[in-house]
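Protein chains in written order, with the working numbering: chain A, 50 to 155; chain B, 50 to 155; chain C, 50 to 155; chain D, 50 to 155.
Protein chains: 4
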Amino acid sequence: MRKADHQPGEGHNSGGFAGEQLHAFVTRIEQLEEEKKSLGEDIKEVYSEAKGSGFDTKILRKIIVLRKMDPGERAEQETLIELYMTALGQLSDTPLGKAAVKSAFA
Amino acid sequence: MRKADHQPGEGHNSGGFAGEQLHAFVTRIEQLEEEKKSLGEDIKEVYSEAKGSGFDTKILRKIIVLRKMDPGERAEQETLIELYMTALGQLSDTPLGKAAVKSAFA
Amino acid sequence: MRKADHQPGEGHNSGGFAGEQLHAFVTRIEQLEEEKKSLGEDIKEVYSEAKGSGFDTKILRKIIVLRKMDPGERAEQETLIELYMTALGQLSDTPLGKAAVKSAFA
Amino acid sequence: MRKADHQPGEGHNSGGFAGEQLHAFVTRIEQLEEEKKSLGEDIKEVYSEAKGSGFDTKILRKIIVLRKMDPGERAEQETLIELYMTALGQLSDTPLGKAAVKSAFA
DNA sequence: ACTGAAGGCTGCCCGC
DNA sequence: GCGGGCAGCCTTCAGT
Chain A
50 MRKADHQPGE
60 GHNSGGFAGE
70 QLHAFVTRIE
80 QLEEEKKSLG
90 EDIKEVYSEA
100 KGSGFDTKIL
110 RKIIVLRKMD
120 PGERAEQETL
130 IELYMTALGQ
140 LSDTPLGKAA
150 VKSAFA
Chain B
50 MRKADHQPGE
60 GHNSGGFAGE
70 QLHAFVTRIE
80 QLEEEKKSLG
90 EDIKEVYSEA
100 KGSGFDTKIL
110 RKIIVLRKMD
120 PGERAEQETL
130 IELYMTALGQ
140 LSDTPLGKAA
150 VKSAFA
Chain C
50 MRKADHQPGE
60 GHNSGGFAGE
70 QLHAFVTRIE
80 QLEEEKKSLG
90 EDIKEVYSEA
100 KGSGFDTKIL
110 RKIIVLRKMD
120 PGERAEQETL
130 IELYMTALGQ
140 LSDTPLGKAA
150 VKSAFA
Chain D
50 MRKADHQPGE
60 GHNSGGFAGE
70 QLHAFVTRIE
80 QLEEEKKSLG
90 EDIKEVYSEA
100 KGSGFDTKIL
110 RKIIVLRKMD
120 PGERAEQETL
130 IELYMTALGQ
140 LSDTPLGKAA
150 VKSAFA
């Protein structure tokens, strides 16, 4: 099948097959977005509930963030180290190079 | 049971109950956030698919936004844009846009 | 392997010279980035000022975007939007927008 | 002087004073954006120059990032610690509470 | 030309 | 109701 046959920019039967496809995509997206929004509301609700149980939602949010971040942060540390190594590797092969690196970072 | 006994902000000698509650809330939230994230990825996927079918995702996104917008709200925005444009002495694009569309379908 | 030539790409056994060069480049870049950032803040400030004068910054931003856009490019976008909207069976907003503008000036 | 006299939403002499103000804002913004863009190009140019001198621009970019981040990262560490303290402070007043906290983070 | 990543910007949610 | 803080989106840029 030739690609041009159903390309929106080239097909000429507007409202035809491309229209059906488009509608399907739009519908799916809107459906998914609605579900996503709904989940967002559920989350809000849980926070609200937690608040009703006496928890400070602000702290709660921080806990969520922390639990999410900690592993990533460790990875980032490693990345940083690796980056340093790589950057230094460019210049640090000789004593003079080392000095140059040192001054570059001063 | 008195509420104060296990309220984080107030009670104190309560035992691990607050911890259990907290853990439950955290778990529920994390679960919901994960689902939400997953939906976000699904949406991206649909856009990608649409792109593969020859649709312009940028336009597609605009379509979604337009359909989502309250008509009155949208009219108001456009009015303001036209107003500002007029104040700047640049007559709005709309007539040209219309003409372009018209010619596209002629 | 000879890595002793510490010039990153070609190597010239020059000593700390690469370091000096590197430092110069880094400095220039950082300087430029700082200025750039500063300009970004200035821009924000102008928007803020405009807001203080009663302008709707959201609209203002759109105005800037519109003025920046190549007219042809812009017409094309609008055409596509209309096209997609038509394919979806929803006639575009443009006529309504126009009517709204008209009444605003009547 | 009443503020309403020159509010875009209420003033009615389009093309009048509000128009002048608007034009001034737009002009300033566009000017600043242009300068900003120009700086962006300068930066690119420096990278290009560095590349011509044999430096690996990828590494160079990393160096810039690192120099920018290191201080911030320290600050972030402190923020994290502080967050933990705060979160723990909510529950850690008693031995049992400590246990609860522990399980919450497990 | 497309994909993936980084930074900037926008909209949303909160507290004041 | 407003402004600040934060998450998500969009845009830009290097790499393939």
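For glycine and all other residues, C-beta sits at the position ideal for the given N, C-alpha and C.
Counting only beta-carbon atoms, is residue i nearer than 9 Å to chain C?
| i | result |
| --- | --- |
| Y133(B) | yes |
| A148(A) | yes |
| V114(A) | no |
| K93(B) | no |
| A53(A) | Note on A53(A): pLDDT 42, under 50, position unreliable in the model; the coordinate value appears next. Cβ-Cβ to chain C under 9 Å: no for A53(A). |
Given that a residue counts as buried once 16 or more other Cβ atoms are within 10 Å of its Cβ, and exposed if not, what is residue i?
| i | result |
| --- | --- |
| D105(B) | buried |
| G68(C) | buried |
| A124(D) | exposed |
| Q70(B) | buried |
| F66(D) | exposed |
| V75(A) | buried |
| I78(C) | buried |
| M134(D) | exposed |
| T128(A) | exposed |
| I130(A) | exposed |
| V95(A) | buried |
| A53(B) | Model confidence at A53(B) stands at a pLDDT of 45, short of 50, so the residue's coordinates are unreliable; what they give is reported in the following sentence. When all chains shown are included, A53(B) counts as exposed. |
Just to make sure I have the definition right: I need the residues of chain A whose C-beta is within less than 8 Å of the C-beta of residue i. Which are they?
| i | result |
| --- | --- |
| A124(B) | The contacting residues do not exist; A124(B) stays about 21 Å from chain A at best. |
In this structure, does DSSP put residue i in helix, strand or coil?
| i | result |
| --- | --- |
| M118(B) | coil |
| S102(D) | coil |
| G65(B) | coil |
| G138(B) | coil |
I want to see whether chain A comes within less than 9 Å of residue i, judged by CB atoms only; does it?
| i | result |
| --- | --- |
| L145(C) | With a pLDDT of 45 at L145(C), under the threshold of 50, the modelled position of that residue is not reliable, and the figure given next carries that caveat. Judged by the 9 Å Cβ criterion, L145(C) is not in contact with chain A. |
At a CB-CB cut-off below 7 Å, which residues of chain B make contact with residue i?
| i | result |
| --- | --- |
| D105(C) | L129 |
| K111(C) | I130 |
Do we get a CB-CB distance below 9 Å when we pair residue i with the residues of chain B?
| i | result |
| --- | --- |
| K100(C) | no |
| K117(D) | no |
Name the chain D residues that come within less than 9 Å of residue i, Cβ to Cβ?
| i | result |
| --- | --- |
| G89(C) | L81 and K85 |
Between residue i and residue j, which are expected to be in contact by the criterion C-beta below 8 Å, what is the C-beta distance as a whole number of angstroms?
| i | j | result |
| --- | --- | --- |
| D91(D) | L115(C) | Contact doesn't hold; Cβ gap of about 27 Å is too wide. |
| A136(A) | I108(D) | 5 Å |
| K85(D) | K85(C) | 6 Å |
| L145(A) | K111(D) | In fact, because the Cβ distance is near 22 Å, the residues do not count as touching under 8 Å. |
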